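So in the UniProt record's numbering, the last spot in the sequence shown is 286, and the numbers never skip.
Even glycine gets a Cβ: it sits at the ideal position worked out from N, Cα and C.
What you are looking at is a predicted structure, and each value in this text was computed from that prediction instead of being measured.
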Amino acid sequence: MAHLRETTDKALKLLRTLPRVQIGNLRPNPNSKQNDKRGRAQHGGDKHGAGNKGSGQRQNFMRLGYETGNQPFYLRFPYEPYYKGHHLKRQYPPISLLQLQVLIDTNRIDISQPIDISTLCNSGLLKLKPAEMEYGFQLTDDGLDNFQAKINIEVQHASEAVIAAIEKNGGVIRTAYYDPRSLHMLANPKKWFEKGVPIPSRMLPPQDAVDYYTNPKNRGYLANPEAISQDRLVLAQKYGYQLPKIEEDSAYEMLTTTKDPRQVFYGLEPGWLINIVDKTIIKRKQ
1 MAHLRETTDK ALKLLRTLPR VQIGNLRPNP NSKQNDKRGR AQHGGDKHGA
51 GNKGSGQRQN FMRLGYETGN QPFYLRFPYE PYYKGHHLKR QYPPISLLQL
101 QVLIDTNRID ISQPIDISTL CNSGLLKLKP AEMEYGFQLT DDGLDNFQAK
151 INIEVQHASE AVIAAIEKNG GVIRTAYYDP RSLHMLANPK KWFEKGVPIP
201 SRMLPPQDAV DYYTNPKNRG YLANPEAISQ DRLVLAQKYG YQLPKIEEDS
251 AYEMLTTTKD PRQVFYGLEP GWLINIVDKT IIKRKQ
């Protein structure tokens, strides 16, 4: 009884010192209330953060520069010349020499065969979206000092340092243009072959890209082969390395394999029909 009396006195003493209990200082127990809906704002998360109606809620991804009905930035400030025709400019997603070396070391890419867009996309780690104005890959110089592979690669853009790094190892690099239809074919060759239609011819580059792909310094696929051979020597002298002789290499046939300017796939001519089911190639009559 003494213990109970002592506890009661302690509780009464505590009530005298505490502020008055009223609606303003009442609080529920922690975690006693659970919210049925997730998220915040007026919809309680039932819109999944995508807003109420409109193209943004329906995953209809808007084009570059579109500001959901507002006047775009490049129209509010029209004096910036580099915004003119931005949605029509060709894009070249980057792939570095370091990424390329990792793909080779992990056997994602077979360097005993020439490498092009189709090879890079079939690695499963790189994607090309021609519908979003992506016209191929550009090879960047990240990992320049660690690149050691001898390859025959075809990309759409490469700097001088990248070209020197590949040719120093005895490899060959080429820059080539592909039209959107050819890019769709290279990005997913199986899907194209399943259509059961002949392989079309590759289109020539547009006027603003002719200078780049005919320049031997860029190793353009439309450049003069003799001019490319001379520039290979000039680049080796500039960067101070001994240019390996491709003619004496055991992989000479692979290193010298090229595409015709109208050819899309290695070893497959325009007009041929590929039958995946029967695993046959129907060639065009000459």
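For this session: May I have the straight-line CA-CA distance separating Ala-2 from Ala-11, to the nearest angstrom?
Result: Counting from one through the sequence shown, the residue named residue 2 turns up at place 2. Counting from one through the sequence shown, the residue named residue 11 turns up at place 11. Whole-angstrom Cα-Cα distance: 14 Å.
Exercise. What residue from Ser-250, Pro-270 and Asp-211 has the CA that sits closest to Lys-259's CA?
Worked result: For the purposes of this step, residue 259 is identified with residue 259 of the sequence shown, where counting begins at 1. When each option's Cα is compared against that of Lys-259, the closest is Pro-270.
For this session: Starting from Ser-96, trace the beta strand (DSSP E) both ways and give me its first and last residue.
Result: In the sequence shown, counting from the first residue as 1, residue 96 sits at position 96. 94 to 96 is the extent of the beta strand (DSSP E) around Ser-96.
Exercise. For Gly-54, is the beta carbon positioned less than 7 Å from some heavy atom of the ligand FMN?
Worked result: Among the ligands in the structure shown, none appear at all, so the ligand FMN cannot be discussed.
Problem set entry | Spatial neighbours of Val-172 in its chain, beta-carbon cut-off 6 Å, leaving aside the 5 residues before and after | Here residue 172 corresponds to residue number 172 of the sequence shown, with the count starting at 1. Only Asn-152 and Leu-255 meet the Cβ criterion.
Exercise. Should the segment 176 to 190 be called in touch with the segment 111 to 126, which here means at least 3 C-beta pairs below 8 Å?
Worked result: yes
Problem set entry | Euclidean distance between Cα positions of Asn-31 and Leu-15 | Within the sequence shown, numbered from 1, the residue matching residue 31 stands at position 31. Within the sequence shown, numbered from 1, the residue matching residue 15 stands at position 15. Asn-31 and Leu-15: Cα-Cα distance of roughly 26 Å.
Exercise. Closest by CA to Asn-169, which one among Gln-156, Lys-150 and Leu-183?
Worked result: Counting from one through the sequence shown, the residue named residue 169 turns up at place 169. Nearest option by C-alpha distance: Lys-150.
Problem set entry | beta strand (DSSP E) segment containing Val-155, residue limits | The residue given as residue 155 occupies position 155 in the sequence shown. Element bounds for Val-155: 152 to 155.
Exercise. For the 8 Å Cβ check, are there 3 or more pairs between the segment 223 to 236 and the segment 196 to 208?
Worked result: no
Exercise. Expressed to the nearest angstrom, what Euclidean distance is found between the alpha-carbon atoms of Ser-201 and Arg-219?
Worked result: Taking the first residue of the sequence shown as 1, we reach residue 201 at position 201. Taking the first residue of the sequence shown as 1, we reach residue 219 at position 219. Each residue's alpha carbon lies about 22 Å from the other.
For this session: Give the secondary structure of Glu-269 by DSSP, where H, G and I count as helix, E and B as strand, and everything else as coil.
Result: Here residue 269 refers to the residue found at position 269 when the sequence shown is read from its first residue. Three-state result, Glu-269: coil.
Exercise. For Ile-173, which three-state DSSP category applies?
Worked result: Residue mapping note: residue 173 aligns to position 173 of the sequence shown, counting from 1. The answer is strand: DSSP assigns Ile-173 an E or B state.
Problem set entry | the segment 78 to 92 touching the segment 50 to 58, judged by at least three CB pairs closer than 8 Å | no
Exercise. Of all the options Ser-229, Lys-238 and Phe-61, which has the alpha carbon lying nearest to the alpha carbon of Lys-245?
Worked result: Sequence index remark: in the sequence shown, residue 245 carries index 245 (1-based). Among Ser-229, Lys-238 and Phe-61, the Cα nearest to that of Lys-245 is on Ser-229.
Exercise. Among Ile-111, Glu-134 and Leu-98, which residue has its Cα nearest to the Cα of Tyr-252?
Worked result: Reading the sequence shown from its first residue, position 252 is the one you call residue 252. Of the listed residues, the one whose Cα sits closest to Tyr-252 is Ile-111.
Problem set entry | Contact under 8 Å by Cβ, Ala-164 with Leu-235 | Working through the sequence shown from its first residue, we reach residue 164 at position 164. Working through the sequence shown from its first residue, we reach residue 235 at position 235. Contact: yes.
Problem set entry | Cutoff 7 Å; reference Ser-96; Cβ partners in own chain excluding five residues on either side | Residue numbering aside, residue 96 sits at position 96 when the sequence shown is read from its first letter. Excluding positions up to five away in sequence, the list reads Thr-140, Asp-142 and Gly-143.
Exercise. Going by beta carbon distance, what residues of the same chain come within less than 7 Å of Glu-194, once the five residues before and after it are set aside?
Worked result: Residue numbering aside, residue 194 sits at position 194 when the sequence shown is read from its first letter. The answer, listed in chain order, is Ile-276.
Exercise. Can you list, in chain order, the residues of its chain whose CB lies under 7 Å from that of Gln-263, leaving out five sequence neighbours each side?
Worked result: Mapped onto the sequence shown, residue 263 falls at position 263. Excluding residues within five positions, the ones whose Cβ falls inside 7 Å are Arg-202, Glu-269 and Pro-270.
Exercise. Where Met-185 and Lys-191 are concerned, what is the direct C-alpha to C-alpha distance, given to the nearest angstrom?
Worked result: Translated into the one-based positions of the sequence shown, residue 185 becomes position 185. Translated into the one-based positions of the sequence shown, residue 191 becomes position 191. Taking the straight line joining both Cα atoms gives about 8 Å.
For this session: Would you mind working out which of Gln-22, Ala-161, Gln-101 and Tyr-213 sits nearest Gly-240, comparing C-alpha positions?
Result: Counting from one through the sequence shown, the residue named residue 240 turns up at place 240. It is Ala-161.
For this session: Have a look at the DSSP bridge pairing and note the partners of Ile-228.
Result: For this step, residue 228 is matched to residue 228 along the sequence shown. Answer is none; Ile-228 lacks a bridge partner.
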